[in-house]
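Novice: Got a structure for you, questions after.
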Amino acid sequence: MIACDCPVCTSTDKKDKRLRSSIMVQSEKTTLVVDSGPDFRYQMLRANVKHLDAIVFTHSHKDHVAGLDDVRAFNFFQQEPMQVYASDATQEVIIREFPYAFYESKYPGLPEIKLNTIGLETFDVGDIPVTPIMVWHLKMPVLGFRFGRFTYITDASRIDDSEMEKIKGSEVLVLNSLRKEKHISHFSLGESIEVAKKLQVPQCYLTHLSHQMGKHAEVEAELPNGINFAYDGLVIKV
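Quick note: the sequence shown uses my numbering, first residue 668, plus one each step.
What follows is the structure in structure tokens.
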């Protein structure tokens, strides 16, 4: 956190250096990213990503959409628009935040974006099937996504039973957990552990951690078996 001298923010452990939450999902033929936050450019450079087929959005908050402008590099090298998958509500914010990308007459070099509307039905990005899962970020509907045996959920404070059913049977679950204390719109550590146990997913990784959670190594040592903290650069194969 900017200007913070707490033990987490000053830690020398690489796992305490957390950028905004995002994941990259790859098959043999397709590469997609979930969310393009303010750190999107650096995340793509750090992971040496040379080709990106699509960006799939969970919701419209700034920490999940602010880096979308940087798709222009992929536009240049791939010579095609970036396929963006988002709900109607998220698309409204994207158009408002990046209006220049949607002008009829555009200056050369501006981002090229193709919007694709998604709801709660399964859709395909290349050869990757994507099943949306609606969760609640206080009163805001947010989408999580299931990719085969892997499920990714961020910015949730409640999941309805009907959507819980979509997660069951996953081998790996990534779930948000902001801090130990209760929060108005994010699961706390105890709440996320309770959800993971209820779903009986063999391996759960906790993400969207704030510096208030504490040091990675210290708090992870207290977690139940099968539940770990995610960290930047983590690679999961399913």
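All residues carry an ideal CB built from backbone N, CA and C; glycine is no exception.
Does Ile669 pass the burial test, meaning 16 or more other C-beta atoms within 10 Å, or should it be called exposed?
Specialist: Here residue 669 is taken as the residue at index 2 of the sequence shown, counted from 1. Exposed: under 16 other Cβ atoms inside 10 Å.
Novice: May I ask you to report which of helix, strand or coil DSSP gives Ala756?
Specialist: One-based indexing of the sequence shown puts residue 756 at position 89. Residue state, collapsed to three classes: helix.
Novice: According to DSSP, is Ile690 helix, strand or coil?
Specialist: As a working mapping, residue 690 is identified with position 23 in the sequence shown. Three-state DSSP puts Ile690 in a strand.
Novice: For Gly857, does the three-state DSSP call read helix, strand or coil?
Specialist: The residue labelled residue 857 in the question sits at position 190 within the sequence shown. Annotated three-state conformation of Gly857 is helix, per DSSP.
Novice: Between Tyr752 and Cys871, what straight-line distance do the alpha-carbon atoms span, to the nearest angstrom?
Specialist: Sequence index remark: in the sequence shown, residue 752 carries index 85 (1-based). Sequence index remark: in the sequence shown, residue 871 carries index 204 (1-based). Roughly 25 Å separates the two Cα atoms.
Novice: Are the CB atoms of Ser859 and Ser824 nearer to each other than 8 Å?
Specialist: Looking up residue 859 in the sequence shown gives position 192. Looking up residue 824 in the sequence shown gives position 157. Cβ distance not < 8 Å, so Ser859 and Ser824 don't count as in contact.
Novice: Taking 8 Å as the cut-off, decide whether the C-beta atoms of Leu873 and Phe896 are in contact.
Specialist: Here residue 873 refers to the residue found at position 206 when the sequence shown is read from its first residue. Here residue 896 refers to the residue found at position 229 when the sequence shown is read from its first residue. Yes, the Cβ-Cβ distance between Leu873 and Phe896 is below 8 Å.
Novice: Could you tell me whether the stretch 734-754 touches the stretch 762-777, using the rule of 3 or more Cβ pairs below 8 Å?
Specialist: yes
Novice: Can you list, in chain order, the residues of its chain whose CB lies under 7 Å from that of Gly706, leaving out five sequence neighbours each side?
Specialist: Position 39 of the sequence shown, counted from the first residue, corresponds to residue 706. One detail in the question is off: residue 706 reads as Asp in this sequence, not Gly. Counting only Cβ-Cβ distances below 7 Å, and skipping sequence neighbours, we find Leu686, Arg687 and Gly734.
Novice: Whose C-beta lies closer than 6 Å to the C-beta of Ser844 among residues of the same chain, with five residues either side of it excluded?
Specialist: Here residue 844 refers to the residue found at position 177 of the sequence shown. Phe854, Leu856, Ser859 and Leu873, listed in sequence order.
Novice: Between the stretch 757-766 and the stretch 796-805, are three or more C-beta pairs nearer than 8 Å?
Specialist: no
Novice: With DSSP run on the structure shown, which of helix, strand or coil describes Gln710?
Specialist: Counting from 1 along the sequence shown, the entry for residue 710 is found at position 43. Note: Gln710 maps to helix in three-state DSSP.
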